[in-house]
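Numbering (my numbering), first residue to last: 117 to 366.
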């Protein structure tokens with residue numbers, strides 16, 4: 117039996133009636149930013165502006181921290197030992213050592229190689245392009261958890277002597293919730309009542325891509341239990357209607 121996909125249409129509305137807009141100005145001049153490649157990245161932090169809208173859960177904060185593309189050099193007892201080891205061996209000295217081993221048909225190795233390439237760690241710099249990519253990934257994560265108006269800016273903290281810190285300033289915006297759910301199973305052959313009766317999606321729940329994926333998994337398992345052996349998650353489509361509301365997502 118061949119199946120076509122069916123549509124679950126979700127109408128959502130914001131959890132809050134007002135939106136807090138906060139203007140943020142960069143703390144550094146364009147001239148300072150142009151020199152950012154010369155500064156070691158020594159820390160990264162996330163600050164949330166609109167905590168009055170509910171703040172950020174620990175799990176969501178961990179997800180954002182997992183998006184860091186560049187990380188400061190590791191420390192042990194307050195010292196960047198691996199960075200120190202890397203810089204202790206001059207590149208030209210290492211090259212001569214490796215050339216000598218190559219002439220003897222030896223694999224790369226030796227004390228200099230071990231200290232610089234195996235134990236050592238190259239310097240981690242404040243890189244605007246990498247930090248911008250990080251902020252874009254963070255925005256995507258927030259969007260997936262219902263913060264569809266989230267906005268992130270990153271700026272340097274130049275108050276440290278040894279380098280710069282990167283501060284990610286987060287404006288969450290309103291978190292949207294499910295306002296209504298419309299089911300369309302006409303082309304699938306699945307019994308609508310059986311599918312709807314145990315749904316994981318409820319009106320008033322926060323919009324979350326993770327929740328939608330869990331619902332997709334549930335429907336697929338249920339379809340298999342009802343004898344639709346060839347039905348799979350690929351047949352299930354979600355559509356978020358954002359047109360018919362004056363604010364937020366429908």
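The beta carbon of each residue, even a glycine, is placed where N, CA and C say it ideally should be.
- Your pair residue 258 and residue 166 does not check out as a contact, with CB atoms roughly 12 Å apart and the cut at 8 Å.
- Taking the Cβ atoms as the reference, residue 266 lies roughly 14 Å from residue 250, outside the contact range of under 8 Å.
- Residue 159 and residue 280 have their C-alpha atoms roughly 7 Å apart.
- The beta-carbon distance between residue 294 and residue 323, rounded to whole angstroms, is 6 Å. This is short enough to meet the 8 Å contact definition.
- Collapsing the DSSP output to three states places residue 287 in a strand.
- Setting aside the 5 residues that flank it on each side, residue 308 is surrounded in the same chain by 299 and 301, each with a C-beta closer than 7 Å to its C-beta; the list follows chain order.
- Cα atoms of residue 334 and residue 316: separation of roughly 8 Å, rounded to the nearest angstrom.
- Around the beta-carbon of residue 188, 16 or more other beta-carbon atoms lie within 10 Å, marking it buried.
- Inter-residue distance for residue 277 and residue 271 is about 17 Å (C-alpha atoms, whole angstroms).
- Check the Cα spacing between residue 303 and each of 238, 216, 225 and 353: the tightest is with 353.
- Beta bridge pairing from DSSP links residue 156 with 241.
- In the DSSP assignment, residue 202 falls within the unbroken alpha helix (DSSP H) covering 197-204.
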